[in-house]
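> Quick note: the sequence shown uses our numbering, first residue 17, plus one each step. Note that beta-carbon positions come from the ideal geometry of N, C-alpha and C, so glycine has one too. Pasting a structure below so you can have a look.
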Amino acid sequence: MTDAARIAELARGRDAVVAAVYDGGSDPSAFFPAAARALVDGLTKAGVNRLVWVGLASILPTADGTLLMDTDGYPREYRSFFLAHQAALDVFAASTLDWVSIAPTGDFDHADPARRGGYRVAPGNAEDLISYADLAVALIDEVDHPAHHRTAIGVVV
17 MTDAARIAEL ARGRDAVVAA VYDGGSDPSA FFPAAARALV DGLTKAGVNR LVWVGLASIL
77 PTADGTLLMD TDGYPREYRS FFLAHQAALD VFAASTLDWV SIAPTGDFDH ADPARRGGYR
137 VAPGNAEDLI SYADLAVALI DEVDHPAHHR TAIGVVV
């Protein structure tokens, strides 16, 4: 994910790229910005302008504008991971790519991953759940019918 030339090779001829990345063996503060830079460089070289990034609820604003990660009771032990994810979005924002970051507004419904048949865009809310299947539909919808550009959104059922 940090090799721009390889990304360009794999992306060439595509309309868009969906990226869901993680490297548990690396320092997130180095990995996420490096992956974002490689995506920007690789997609630009490949002539692919649309990037749909699987985001993180923690960096979404809540209804009152407070970032979810800054709300009372939200786990603080992963804050450096959250900030690393935000650093990737900062790389995208500084680029000319047509990107969108899509995250659950809260968390996944681990007990029931099946599709429920819909989703809506909403602010961050730790109590919200979305199925894996419904998030996948939101990602593909942004490839097939781009409605959000150069922004991060949260989705919930």
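Which residues mark the beginning and the end of the beta strand (DSSP E) in which Val107 is found?
Premise fails: Val107 lies in the alpha helix (DSSP H), 95-109, not in any beta strand (DSSP E).
> Taking the straight line between their C-alpha atoms, what separation do you get for Asp39 and Phe47?
Taking the straight line joining both Cα atoms gives about 7 Å.
> In whole angstroms, what separates the C-alpha of Ala6 from that of Ala163?
The structure shown does not extend to residue 6, since the chain spans only 17 to 173, so no value can be given for it.
> According to DSSP, what are the bridge partners of Phe48?
Phe48 is not bridged to any residue.
> Can you give me the Cβ contacts of Ala154 inside the same chain, cut-off strictly under 7 Å, excluding the 5 residues immediately before and after it?
Counting only Cβ-Cβ distances below 7 Å, and skipping sequence neighbours, we find Ile118, Tyr135, Val171.
> Skipping 5 residues on each side, what residues in its chain have a beta carbon closer than 7 Å to that of Phe97?
Correct list, in chain order: Pro44.
> By the 10 Å Cβ neighbour count, where 16 or more other Cβ atoms means buried, how is Thr167 classified, buried or exposed?
That one is exposed.
> For the putative contact between Ala138 and Thr87, defined by C-beta atoms under 8 Å, what is the C-beta separation to the nearest angstrom?
15 Å between Cβ atoms; not a contact.
> In terms of alpha-carbon separation, which member of Gly89, Ala103, Pro49 lies closest to Asp19?
If we check each option's Cα against that of Asp19, Pro49 comes out closest.
> Can you give the Cα-Cα distance for Asp128 and Ser147, rounded to whole angstroms?
Each residue's Cα considered, the two are about 7 Å apart.
> Looking at the structure shown, is Thr121 part of a helix, part of a strand, or coil, going by DSSP?
Of the three classes helix, strand and coil, the one that applies to Thr121 here is coil, per DSSP.
> Straight-line CA distance for Asp150 to Pro120?
If you take the alpha carbons of Asp150 and Pro120, they lie about 10 Å apart.
> For Val107, which residues of its own chain have a beta-carbon under 7 Å away from its beta-carbon, when the five flanking residues on both sides are left out?
The answer, listed in chain order, is Pro49, Ala52, Arg53, Val56.
> Have a look at the DSSP bridge pairing and note the partners of Gly140.
Per DSSP, Thr78.
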